[in-house]
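Everything below concerns the one structure shown next.
Numbering (our numbering), first residue to last: 4 to 206.
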């Protein structure tokens, strides 16, 4: 069973829903569509792996677009639980409650389009299901120059990234080098002491 509510640009069925889709109504401050963008966003536990303290994640955590652009999101959910891709602070006269909202049931894909206004702004993107944002499903959409990075975006501003393996190897190499230098210095000092002891004492 599929339900359509055109007033809110909404489609809903067993695979999920898209709310406040808008592919043709221009924001008041835009004379035309500046550019079309298409992004595929994948949600799943696999994308939380690089970040400590996270359980869920998006495969990307930042998207950059021009002001007055039309953006089509293909939202793929690789998990068994449902996930959302939700953006806030859009113009309320175009988007109910100022948001564009997609929800995909486990293993399903949703597709939706929205148009951003002309101002330079950084928009919060997240999953609104309880604890999913806190567990890593947080990203940002940067329109134009943006309005500064948002707080604790994984891979952008978050401080809970896991150390990549290359850094571990680098740290290990540095520690090994320090240990080697200390070892050589110790050997040199011991050898020098032995030499000074065995040297003939002048009468």
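Backbone N, C-alpha and C fix where the C-beta goes; we use that ideal spot for every residue, glycine too.
- Among the bridge pairs identified by DSSP, residue 114 is matched with 77.
- Its chain contains 73 as the residues whose beta carbon lies nearer than 6 Å to that of residue 36, once the 5 sequence neighbours on both sides are disregarded; these appear in chain order.
- Under the 10 Å beta carbon count, residue 96 is surrounded by fewer than 16 other beta carbons and is classified as exposed.
- Ranked by Cα distance from residue 104, the options 128, 138 and 38 are led by 128.
- If you look at residue 39, you'll find it in the beta strand (DSSP E) that goes 39-47.
- Rounded to whole angstroms, the separation of the alpha carbons of residue 185 and residue 47 is 47 Å.
- C-alpha of residue 125 to C-alpha of residue 190: approximately 59 Å in a straight line.
- Fewer than three beta-carbon pairs drawn from the segment 106-116 and the segment 47-58 are found closer than 8 Å, and the two stretches are therefore not classed as touching.
- Comparing C-alpha distances from residue 77 to each of 115, 71 and 62 shows the shortest one belongs to 115.
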